[in-house]
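If you're matching positions, the sequence shown starts at 1 in UniProt numbering and goes up one per residue.
We put the beta carbon where it would ideally sit given N, CA and C, even for glycine.
As the structure is a prediction and not an experimental result, all values here were calculated from the model.
Taking it in order: structure first as structure tokens, then the write-up.
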Amino acid sequence: MNDLQLMHEVVKLALKAGEAILPFWRADVAVTSKADDSPVTAADLAAHRVIADGLLALAPQIPLLSEEDCNIPLAERQRWQRWWLVDPLDGTKEFIAGSEEFTVNIALVENGEVVFGVVSMPTNGRSYFGGRGLGAWRAEAGETAQPIQVRTSAPVGGRFTVVASRRHSSPEQEALLAGLGAALGELELANIGSSLKFCLLAEGSADCYPRLAPTSQWDTAAAQGVVEGAGGEVIGLDGLPFRYPPRESLLNPHFLALPANAQWRQAFLSLI
Numbered sequence: 001m002n003d004l005q006l007m008h009e010v011v012k013l014a015l016k017a018g019e020a021i022l023p024f025w026r027a028d029v030a031v032t033s034k035a036d037d038s039p040v041t042a043a044d045l046a047a048h049r050v051i052a053d054g055l056l057a058l059a060p061q062i063p064l065l066s067e068e069d070c071n072i073p074l075a076e077r078q079r080w081q082r083w084w085l086v087d088p089l090d091g092t093k094e095f096i097a098g099s100e101e102f103t104v105n106i107a108l109v110e111n112g113e114v115v116f117g118v119v120s121m122p123t124n125g126r127s128y129f130g131g132r133g134l135g136a137w138r139a140e141a142g143e144t145a146q147p148i149q150v151r152t153s154a155p156v157g158g159r160f161t162v163v164a165s166r167r168h169s170s171p172e173q174e175a176l177l178a179g180l181g182a183a184l185g186e187l188e189l190a191n192i193g194s195s196l197k198f199c200l201l202a203e204g205s206a207d208c209y210p211r212l213a214p215t216s217q218w219d220t221a222a223a224q225g226v227v228e229g230a231g232g233e234v235i236g237l238d239g240l241p242f243r244y245p246p247r248e249s250l251l252n253p254h255f256l257a258l259p260a261n262a263q264w265r266q267a268f269l270s271l272i
């Protein structure tokens, strides 16, 4: 099975994991806290089980790093060349609040680079999937997937749209937004939860997504695959491609997601 075929199988698996989440949505579910104080529910664990079993059946030779099973020693992870990087329920706080803005994230990583990623929305069956060199698509429930692409210039007469997190920001991010506004005019801010922030960029509904606040590897890898397949890029503040090397901490450094060939790219990077 080649990577494109494997990606389409993973789309089906992500949707199946979403079905395991839905019985807990807007229900009276118990919420516990992990060691880092992040919340976890029975829905997170149910989706993890579906994904772990499904990936094992699809590709038993590829190891799995999941938010719900991440206590794997670095010495072991350093031996991996290809591995799955998974968040069974991204946006748990949105899920707990009853919002629809939570996702299932599944990425295939090879030598620190995203091969492809799948992001699905359990509440409506929408999925985004793609990878660099493979392309990117958006599919509504029961419909044929449609290719998507980033936009390289803001719409005529429209504002430059920046994706922001509803729940997470930082003084550095606020300063960057102020600088962007001064350089590009009044901004349109698109606030949305979970990895859907990347997906707005990938489908051409937004222009960039700067993240100068904490994330973990499983929060970003799947949607990064979608962005890269759609003609975008995710880079660190040093301008280098954003990667996922095995390291002790699973927290990400800050990053920027933007169209790779944006007309305003250099001006944007000069603000960093």
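Neighbourhood of residue i by C-beta distance below 7 Å, restricted to the same chain and skipping five residues each side
i, result
"N111", "Q81"
"V50", "K16, A17, A20"
"P88", "A17, D44, A47, H48, I51, S66, E67, E68, V104"
"Y209", "V163, K197, F198, L201, A257"
"A222", "N105, I106, A107, G117, V118, V119, S195"
Residue i, DSSP secondary structure in three states
i, result
"P245", "coil"
"D90", "strand"
"V226", "helix"
"R211", "strand"
"Q61", "coil"
Whole-angstrom distance between residue j and residue i, CA atom to CA atom
i, j, result
"H8", "F268", "35 Å"
"Q78", "Q61", "16 Å"
"V29", "A139", "30 Å"
"A141", "R126", "6 Å"
"E76", "F160", "44 Å"
"D3", "V109", "11 Å"
"Q173", "G54", "38 Å"
Nonlocal neighbours in the same chain, by C-beta distance under 8 Å from residue i, ignoring five residues either side
i, result
"P39", "V31, T32, S33, T92, K93, I96"
Cβ shell of residue i (< 6 Å), same chain only, five flanking positions each side left out
i, result
"T41", "V29, V31"
"A206", "T161, V163, A190, L200"
"K12", "none"
Check whether the stretch 105-121 touches the stretch 69-83, counting contact only when three or more Cβ pairs, one atom from each stretch, lie closer than 8 Å.
Yes, they touch.
Indicate whether the contact test is met: 3 or more Cβ pairs, each with one atom in the stretch 236-247 and one in the stretch 124-133, closer than 8 Å.
Taking 8 Å as the limit for Cβ pairs, the verdict is that the stretch 124-133 does not touch the stretch 236-247.
Counting Cβ pairs, one atom from each stretch, are 3 or more of them under 8 Å apart for the stretch 192-200 and the stretch 86-105?
With a cut-off of 8 Å, the stretch 86-105 and the stretch 192-200 count as touching, because enough Cβ pairs lie within range.
For the stretch 142-156 against the stretch 211-231, do three or more pairs of beta-carbon atoms, one drawn from each stretch, fall closer than 8 Å, so that the two count as touching?
yes
Going along the chain, which unbroken runs of the beta strand (DSSP E) with 3 or more residues stay wholly within the stretch 140-185?
160-165
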